[in-house]
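Here numbering that gives the first Met the number 0 is used: position 158 in the sequence shown is 157, and no number is missing along the way. Reading through the structure tokens given below for one structure.
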Amino acid sequence: MTHSITTVTPDNVPQLTYDGKPVVTTAVLAQLYGTDEVRIRQNYTKNKDRFVQGKHCYKVEGKELSRLRVALSDSQIPAKARSLVLYTERGAARHAKMLETNAAWDVFEALEDNYFGKFEPKANNLALPNPLTPDHQRGIQKAVARKAQSLPKPIQRQAFSRLYGHLKDRFNVGTYKDIDDSQYTEALGAIQSYELEGELMPQEEKPSATFSDGDLSDLYILLCHVHWIYRHWSDYRIEEALRLVQSPAASQMCEHMSMADTYKTIVARAKGELLEASRKRLGLNYGIFPIH
0 MTHSITTVTP
10 DNVPQLTYDG
20 KPVVTTAVLA
30 QLYGTDEVRI
40 RQNYTKNKDR
50 FVQGKHCYKV
60 EGKELSRLRV
70 ALSDSQIPAK
80 ARSLVLYTER
90 GAARHAKMLE
100 TNAAWDVFEA
110 LEDNYFGKFE
120 PKANNLALPN
130 PLTPDHQRGI
140 QKAVARKAQS
150 LPKPIQRQAF
160 SRLYGHLKDR
170 FNVGTYKDID
180 DSQYTEALGA
190 IQSYELEGEL
200 MPQEEKPSAT
210 FSDGDLSDLY
220 ILLCHVHWIY
230 RHWSDYRIEE
240 ALRLVQSPAA
250 SQMCEHMSMA
260 DTYKTIVARA
270 KGELLEASRK
280 RLGLNYGIFP
290 IH
């Protein structure tokens, strides 16, 4: 990748943002550290497990790379390039450590002061898109289908249209695919909480459900376990680990976990007072989670 700036120094690094963070390309990093791009790529390839996506770097490929070719007016991406790696401040630090030269560390310290440390988004900065991944797009499609197909067949087609329209309005995008990937779980919740019955058909009066003490205790225990399973899934980055071993369970489990967390929250809010009263009355202590 070549830049309009012939010699790159920590004082004139081309400002580039991705996911709201300042980033640098492989070419820029190599020039700054006084090495070649091949060395940077080799260090990345040999130590992929030490470069966490979204934390140390971003790998841009597929349709996103195609959009990037158009967006980068001051840069050129080789026509045959199938992917592009963008490094955050922590990724740049990893490379400085791998090169093991005083010069690389001196440059990185200068980058901290002159680029990463004082970076402020400006109107003319390039903000690269971070749309839903293909797996998350399918997750949205499935959630919309489940919601729409739960209604009588004559109004299902209209329900599909209303749900996708709701997503576009809610997240201010032209198509649901442009929703930021970090908002995937929020988008699933928006689908589930959207009331279609009142819009497309009269809402039936539903008898209020009654729960015995046993029902309430079972429900409380179930929600507690769902809460902690989702917490462990997120805190221990299990999805990331599954993707590293290229397990197909990664996307499937992610969808189920997100849906479980969404429904847990909905049920807990709806029955919060009953659940809390039952917990105290029966002396349950399976771990408290927000239910109000």
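Virtual Cβ for every residue (Gly too), placed ideally from N, Cα, C.
{"Check": "Neighbour-count burial assignment, S233, 16 or more Cβ in a 10 Å radius", "Outcome": "exposed"}
{"Check": "Identity of the residues DSSP links to K20 by a beta bridge", "Outcome": "Y17"}
{"Check": "C-alpha gap between L125 and F170, whole angstroms", "Outcome": "Only weak support exists for where L125 lies, its pLDDT of 46 falling under 50; the value from the coordinates is given anyway. Taking the straight line joining both Cα atoms gives about 21 angstroms."}
{"Check": "Proximity of I228 and M256 at Cβ, strictly below 9 angstroms", "Outcome": "yes"}
{"Check": "DSSP-derived helix/strand/coil call for Q52", "Outcome": "strand"}
{"Check": "First and last residue of the uninterrupted alpha helix (DSSP H) at L187", "Outcome": "183 to 192"}
{"Check": "Contact set for A109: own chain, Cβ-Cβ below 6 angstroms, skip 5 residues either direction", "Outcome": "P9"}
{"Check": "Residue interval of the alpha helix (DSSP H) (run including Y175)", "Outcome": "First-last for Y175: undefined, no H or E at that position."}
{"Check": "Euclidean distance between Cα positions of L64 and N129", "Outcome": "11 angstroms"}
{"Check": "Best match in N46, E99, V23 for proximity to E111 [C-alpha to C-alpha]", "Outcome": "V23"}
{"Check": "Own chain partners of D179 with C-beta closer than 6 angstroms, once the 5 adjacent residues on each side are dropped", "Outcome": "N129"}
{"Check": "Cβ contact check for the stretch 147 to 157 and the stretch 80 to 92: 3 or more pairs under 8 angstroms", "Outcome": "no"}
{"Check": "Cβ-based burial, Y235 [other Cβ within 10 Å; buried from 16]", "Outcome": "exposed"}
{"Check": "Cα-Cα separation between G173 and M258, rounded to whole angstroms", "Outcome": "24 angstroms"}
{"Check": "Short Cβ contact (9 angstroms threshold) for V299 with E239", "Outcome": "No answer is possible for residue 299: it lies beyond the span of the chain, which begins at 0 and ends at 291."}
{"Check": "Residues near F159 by beta carbon distance below 7 angstroms, same chain, minus five either side", "Outcome": "V143, A147"}
{"Check": "Counted within 10 angstroms of its Cβ, other Cβ atoms place S216 as buried (16 or more) or exposed", "Outcome": "buried"}
{"Check": "E99 classed as buried or exposed, judged by whether at least 16 other C-beta atoms fall within 10 angstroms", "Outcome": "exposed"}
{"Check": "Cβ pair V59, Y32 closer than 9 angstroms", "Outcome": "no"}
{"Check": "Closest residue to L218 among E88, V244, K263 (Cα-Cα distance)", "Outcome": "K263"}
{"Check": "Contact with chain B by T6, beta-carbon distance below 9 angstroms", "Outcome": "Within the model displayed, chain B is absent; a lone protein chain is all it includes."}
{"Check": "Which residues DSSP lists as bridging S82, in chain order", "Outcome": "E60"}
{"Check": "Selection from Y193, G61, K47 that minimises the alpha carbon distance to K79", "Outcome": "G61"}
{"Check": "Neighbour-count burial assignment, I265, 16 or more Cβ in a 10 Å radius", "Outcome": "exposed"}
{"Check": "Three-state secondary structure (DSSP) of P130", "Outcome": "strand"}
{"Check": "Residue from L28, S181, D212 with nearest C-alpha to W104", "Outcome": "L28"}
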